[in-house]
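Notes to accompany the following structure.
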Amino acid sequence: KASRGRILDANGIVLADNKTVCTISVIHSQIDKPEEVIKMLCDNLDMDEAAVRKKVEKVSSIETIKTNVDKDTGDVIRKAGLNGVKVDEDYKRYYPYDTLASKVLGFTGSDNQGLDGIEAIYENELKGEKGKIVKMTDARGGDIEKEGENYVEPVDGMDLILGIDATIQGIAEKYLKQGCIENEASRGGNVIIMDPNTGDILAMATYPDYNLNSPYTPTHIDSKEWNKLSSEAQSNTLYSLYKNRAISDTYEPGSVFKIITSAVALEEDLATTDGANSYKCTGVYNVSGINISCSHGAVHGNLSLRQALQKSCNAAFMQIGQKVGVKTLYQYYDAFGFFDKTNFASVGEASSNFWNINDVGPIELATMSFGQRFNITPIQMITAVSAVANCGNLMQPRIVKEIKNTSTGAVQTINPISVRQVISKETSEEMLDMLESVVTDGTGRYAQVKGYSIAGKTGTSEPSPGAEDQGNVASFAAISPVESPQLVVLVTVYGPEGANNDGSLVAGPIAAQILNEVLPYMQVPTDSTYSTN
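Heads up: the sequence shown is residues 20 to 552, going by the working numbering.
Have a look at this one:
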């Protein structure tokens, strides 16, 4: 068989590799000492004698006894030198870091075929081509003397080099898990870290995760509890565990989406960053006879756009939405990529769910303006925020950077793809300036990192009617450094049930912990201006 191509991180660290295993088979017609064969196989393979005997005595051209046998055991069986026993070396997929990037990488089946994630999407590149032996045999499977055999060499699979950095991935996974546990988020969460300039995914973490080397044994459930589940419940649990929720599940983004509403208003010259008394908040805003509360029922008074972002004022954004109008908003939603899949290289990317434009009335327009009553994926959200950070240029998310032919050494580069210019550079700069003030003087203060400029926005979306048991979704989008963005971080935590359940107190600190380690690792220079702890 061909050796499956490896998967490596951006620095050449191997995330998916192969180890040699053996397949033990017997050819009935060639066996001359069946009892010795049965005993030897039982002793070395730890198998039941009846099961081995049945296979050895079966009249067939070839019968497989056991697969995925470690090489040392295979060598012992080979050295026994018994006629009719075949030891064929094969490769078994192996993941050196067990759970690292499990939802992105996916895993393989018993025949080394990709079943999920990158392993499945890039199956054709990774699998290679099997070799073969062509020879003449008689009707019983025996060799015909003086007839030669033709050996065709296997062609090994190609290596994939990802944009993911194993160190950054590990940092994201560590603090996401810690945050989900501390905030009692039984539904877990995810973190995406993107380079806004190239669209490269530097990390994509989902909690809970699973061990790629034992994907059918969940690690987040006690074994006794697992064994109590029905086979159907076990299957559903595994299916849910394998899903990369950053791309396969939709959510209501909440106030993080105010980044988009603000950018549209600025781009259309329907708002200014610091126009005094532009919006008025009395704690509620009446839309078609229905009072819609501001976040936490706060009364914010007269506000500029900057202040509305800092305080995350729903009332102000409902007024902005009315001013911009649904037709223009939908044009920009389309331009930001919310109506299309991102073509992220993985299994099961979900589609967004927006109102049909003809069904958007005043209430729908109002709630959309502050990020509720529609659903998008986290990968769509971070891609749009990255466009705001990248001078208004929307980049397609990139997970695989290079494909290397292991036989020839030839490397195919997957170039970054610029999708379109969505907003101007001037609007981008104004947005970054305002979002920085959200972190220094607004609801994003828990995302501050000493020595670094951070722009960001909190988000807390309440469950839709009929889904109250799902709880809030707490999120935070961060951009750093503000003066020349090198990364965007989106933290999403589903259903936190701890003492706090809003984005500023749940997701903001997770983003800060990640940035506090990732920025120095990336050798981003510190700035003495930002001395806040």
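Quick reminder that beta carbons are idealized off the backbone N, C-alpha and C, glycines included.
All values derive from a computational prediction rather than experimental measurement.
Any idea what DSSP makes of C313, helix, strand or coil? coil
Could you tell me which residues DSSP puts in a beta bridge with F393? Partner(s): none; F393 has no beta bridge.
Just curious, the beta strand (DSSP E) that N212 is in, first and last residue? Sequence check: residue 212 is Ile here, not Asn. It spans 208-213 - the beta strand (DSSP E) in which I212 sits, taken as one unbroken run.
Give me the Cα-Cα distance between S250 and T256, rounded to the nearest whole angstrom. 10 Å
Close beta carbons around C332, own chain, < 8 Å, minus the five adjacent residues each side: Y298, C300, C313, S314, A317, H319, L322, Q326
Could you check what DSSP says for S494 in three-state terms: helix, strand or coil? In the three-state scheme derived from DSSP, where H, G and I count as helix and E and B as strand, S494 is classed as strand.
Mapping DSSP to helix, strand and coil, what is V40? Taken through DSSP and simplified to helix, strand or coil, V40 comes out as strand.
Taking the beta strand (DSSP E) that N255 falls in, what are its first and last residues? N255 -> not in any beta strand (DSSP E); alpha helix (DSSP H) instead, spanning 250-261.
So the candidates are L248, L509, L134, L413; which of them puts its Cα closest to the Cα of G273? L509
What does the alpha-carbon distance come out to for the pair D555 and Q431? Residue 555 lies beyond the stretch modelled for the chain, which goes from 20 to 552, so this question has no answer here.
Do Y513 and A204 come within 7 Å of each other at the CB atom, strictly closer than that value? yes
Are the C-beta of E421 and some C-beta of chain D separated by less than 7 Å? The structure shown contains no chain D; it holds only a single protein chain.
Please name the residue in D288, Y226, I533 whose C-alpha comes closest to that of I339. D288
Given 8 Å, three or more beta-carbon pairs between the segment 112-121 and the segment 342-356: Fewer than three beta-carbon pairs drawn from the segment 112-121 and the segment 342-356 are found closer than 8 Å, and the two stretches are therefore not classed as touching.
If we call anything under 7 Å between Cβ atoms a contact, is I595 one with T361? The shown model of the chain, from 20 to 552, leaves out residue 595, and the question about it has no answer.
Cut-off 6 Å between Cβ atoms - residues of its own chain near N296, not counting five sequence neighbours on either side: N321
Suppose contacts are defined by Cβ-Cβ distances below 7 Å. Is V457 in contact with K469 by that definition? no
Do three or more CB pairs link the segment 171-180 to the segment 193-200 at distances below 8 Å? Judged by Cβ distances under 8 Å, the segment 171-180 makes no contact with the segment 193-200, as fewer than three pairs qualify.
Boundaries (first-last residue) of the alpha helix (DSSP H) holding G93: Counted as a single uninterrupted DSSP element, the alpha helix (DSSP H) harbouring G93 occupies residues 90-99.
Between which two residues does the beta strand (DSSP E) carrying T225 extend? 220-226
Beta-carbon separation of K277 and F389 under 7 Å? Pairing K277 with F389 gives a Cβ-Cβ distance under 7 Å.
Across the segment 398-409 and the segment 492-505, are there enough close Cβ pairs to call them in contact, namely three or more that are closer than 8 Å? yes
In three-state DSSP terms, what is N552? Low confidence applies to N552: its pLDDT is 49, below 50, so where it sits in the model is not reliable enough to give any reading.
So G218 and I436 are in contact, right, with Cβ under 8 Å, and what is the actual spacing, rounded? 7 Å
Compute the Euclidean distance between the alpha carbons of A531 and N520, then round it to the nearest angstrom. 17 Å
Please name the residue in D353, G103, E286, S365 whose C-alpha comes closest to that of N375. D353
Checking the sheet assignment: what are the DSSP bridge partners for D178? K423
Are the CB atoms of A493 and G522 within a distance shorter than 7 Å? yes
Below 6 Å CB to CB, which residues in the same chain sit around I442 once its five sequence neighbours on both sides are set aside? A282, E286, G411
Reduced DSSP category for K515 - H, G, I as helix; E, B as strand; rest coil: With the sequence shown as reference, residue 515 is identified as Pro, and Lys is not the correct amino acid for it. In the structure shown, P515 sits in a strand (DSSP, three-state: E or B).
Quick one: any contact between the segment 147-156 and the segment 31-41, if contact means 3 or more CB pairs under 8 Å? no
Euclidean distance between Cα positions of G103 and I96: 12 Å
Where does N263 land, buried or exposed, given buried means 16+ other C-beta within 10 angstroms? Flag for N263 reads buried.
Pair within 7 Å by beta-carbon distance, I57 and R72: Yes, Cβ-Cβ distance for I57 and R72 is below 7 Å.
For the candidate residues K423, I266, A334, whose alpha-carbon lies nearest to that of R25? K423
Terminal residues of the continuous beta strand (DSSP E) containing D107? Residues 104-113.
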